[in-house]
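See structure below.
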Amino acid sequence: MIKKVKTDQLRVGVFIDDLNFSNAKGKVFLSKTLIQTEKTIQIMRVWGIDEVFIDTEKGLDIKPAQSAIETRKKIDRDLLQAALMSSPQTPVVPIGEELAIAQTIKVEALNTMQRTMDVIAQGKELDNDSVFGLIEKMANSVTRNRDALPLLMRIRSKDQYTLTHSISVGSLVLAFCNFCGLAYEVTINMAVGALLHDVGKTRIPLHILNKPGKLTQQEMDIIKKHADFSADVMAYSKELPFEAFDIALHHHERHDGSGYPHGLKGDAIGFAAKLTAICDVFDAITSDRCYKTGVSELAGLKTLYELSDSHFEKELAYKFIKMIGVYPIGTCVRLDNDLIGVVTGSTNNVQQPMVRLFYDDKKRKPIKSEELDLTKVGVNIASYEDLESWDADMLKLYKSLKTALNPLKQTGSAEGRL
Ligand SMILES: [Fe+2]
Ligand SMILES: [Fe+2]
-12 MIKKVKTDQL RVGVFIDDLN FSNAKGKVFL SKTLIQTEKT IQIMRVWGID
38 EVFIDTEKGL DIKPAQSAIE TRKKIDRDLL QAALMSSPQT PVVPIGEELA
88 IAQTIKVEAL NTMQRTMDVI AQGKELDNDS VFGLIEKMAN SVTRNRDALP
138 LLMRIRSKDQ YTLTHSISVG SLVLAFCNFC GLAYEVTINM AVGALLHDVG
188 KTRIPLHILN KPGKLTQQEM DIIKKHADFS ADVMAYSKEL PFEAFDIALH
238 HHERHDGSGY PHGLKGDAIG FAAKLTAICD VFDAITSDRC YKTGVSELAG
288 LKTLYELSDS HFEKELAYKF IKMIGVYPIG TCVRLDNDLI GVVTGSTNNV
338 QQPMVRLFYD DKKRKPIKSE ELDLTKVGVN IASYEDLESW DADMLKLYKS
388 LKTALNPLKQ TGSAEGRL
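First residue of the sequence shown: -12, per this note's numbering; consecutive thereafter.
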């Protein structure tokens, strides 16, 4: 029997006979189809298809039960609650050990993502196996040590922004999911979306994407189309999870409805898109671009904090700030015994990170030290160290230590262009 039902009532196993949708625009793969995954239903909803005709002889009938949309909303609520309630997982290996492995993963990621973007630019099909293979390696690295890969991704050339930004956001999402104690499968699904969230930029003309000056309204409107373009790639890649589609389409939506492309508000934005948006903005504002210098991590956290009420799920943004830490890696700090060092990693206590000491300010001379876990030696940070007051030799010493961790950044502006 053919009958008309609301898209919200659909679930896996129902056969769609006709979309009842006049503006199908190439979305024909949804007609005469057995719904095999929840992703298909979510895509129909996002494309504004409110009602469809189903064939109950070729698939399941609609019975009064929880719909796919209701199920999705409940999953999102549960994930948010789990992310906010959990305690951070403890790193398995020290950052120094993981950095060497993470470096090889970074090289592989750059190659894989370059190939992926080339394939998309040519309109060919995504190689899902290589994307998932890469994400699993990145996830294993982050499980061993949450800080190493995101930190390495901070060191990059501004000329390859879209490429390095995508990998960086992927590694930040992995780290954030790890910090939130989320399940492996959920983490992988979200990280695939984060890695591919901006692939739609391959369809934006480079002279607009890399324009050094201010964009005109028309150019801005063209750039905004990248979210739709990314979502199209996700929708037509059948093996990608719904989270990838949701992230691609909605990573520029903002909690107060000021985002794009749909101006969604609050809980209308899925958990995966909410979480990725925080990582996306943090990476964008702390990165050097062809038209601006990125702000320091500390300044980036301040901006996130200021935007947390209006742009993000507030508690989730606070949790991200907690993960990056009050003392981000590379920050120069003074301990309460007047020893000076560089923050090299996180611990379970955001007030007492890992620190490598390099100067004794009481004796006025450089010192050599191993990485110290401040939670284990029982020493506290007294303050941020003011680099302005240092002489050239001390600055050189600090910079040589920091170069291995993160390029020194001093200036920049508020939320990035993208
Ligand atoms: Fe984007
Ligand atoms: Fe982005």
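Every residue, glycine too, gets a C-beta built ideally from N, C-alpha and C.
Model, not experiment: these values are computed from the prediction.
Residue range 82 to 108 is occupied by the alpha helix (DSSP H) that includes residue 95. The C-alpha of residue 364 is placed about 52 Å away from the C-alpha of residue 219.
Within its own chain, the residues whose Cβ lies closer than 8 Å to the Cβ of residue 266, once the five positions on either side in sequence are excluded, are 156, 159, 160, 163, 181 and 307, listed in chain order. Distances from the CA of residue 82 to each of 358, 378 and 372 were compared; the closest alpha carbon is that of 358. Between residue 80 and residue 132, the C-beta spacing is below 9 Å. Contact annotation: residue 226 and residue 115 have beta-carbon atoms nearer than 9 Å. If you ignore the 5 residues before and after residue 176, its C-beta comes within less than 6 Å of the C-beta of 228 and 230, all in its own chain and listed in chain order.
Counting C-beta pairs closer than 8 Å gives fewer than three between the stretch -7 to 9 and the stretch 206 to 215, which falls short of the contact rule. Residue range -11 to -7 is occupied by the beta strand (DSSP E) that includes residue -7. Contact check for residue 138 and residue 316: beta-carbon distance about 5 Å, within the 8 Å limit, so the pair qualifies. Under the three-state reduction of DSSP, residue 157 is assigned to helix. The C-alpha of residue 60 lies about 25 Å from the C-alpha of residue 75. Rounded to whole angstroms, the separation of the alpha carbons of residue 142 and residue 86 is 12 Å. A straight line joining the alpha-carbon of residue 78 with that of residue 341 spans about 12 Å. About 39 Å separates the beta carbons of residue 247 and residue 320, which is beyond the 8 Å limit, so they are not a contact pair. Nearest to residue 63 by C-alpha distance, out of 169, 287, 223 and 112, is 169. Taking residue 233 as the centre and dropping the five residues before and after it, the same chain places the C-beta of 257, 259 and 260 closer than 6 Å to its C-beta, in chain order. Boundaries of the alpha helix (DSSP H) harbouring residue 180: 171 to 183, taken from the DSSP string. Excluding its 5 nearest sequence neighbours in each direction, residue 101 has C-beta neighbours in its own chain below 8 Å: 150, listed in chain order. For residue 158, the shortest C-beta to heavy atom distance toward ligand 2 is 8 Å or greater. Residue pairing for residue 365: DSSP places it in no beta bridge. Using a Cβ distance threshold of 9 Å, residue 366 and residue 326 count as a contacting pair. Residue 351 sits in coil when the DSSP states are folded into three classes, being neither helix nor strand.
With a contact defined as Cβ atoms closer than 8 Å, residue 2 and residue 42 qualify at about 5 Å. Take the alpha-carbon of residue 272 and the one of residue 134: they are about 19 Å apart. Residue 371 sits in a strand when the DSSP states are folded into three classes. Distance between residue 328 and residue 252, taken at the CA atoms: about 43 Å.
The beta carbons of residue 314 and residue 368 sit about 6 Å from each other, so the pair counts as a contact at 8 Å. Of the heavy atoms belonging to ligand 1, at least one sits nearer than 8 Å to the Cβ of residue 188. Set against 8 Å, the gap from the CB of residue 215 to the closest heavy atom of ligand 1 is not smaller. Collapsing the DSSP output to three states places residue 123 in a helix. For residue 220, the enclosing alpha helix (DSSP H) stretches over residues 213 to 223. In the DSSP assignment, the residues bridged to residue 319 are 329. Residue 199 and residue 279 have their C-alpha atoms some 8 Å from each other.
Linking residue 118 to residue 124 through their CA atoms gives a straight-line distance of about 10 Å.
For residue 359, the uninterrupted beta strand (DSSP E) run begins and ends at 358 to 360, by DSSP.
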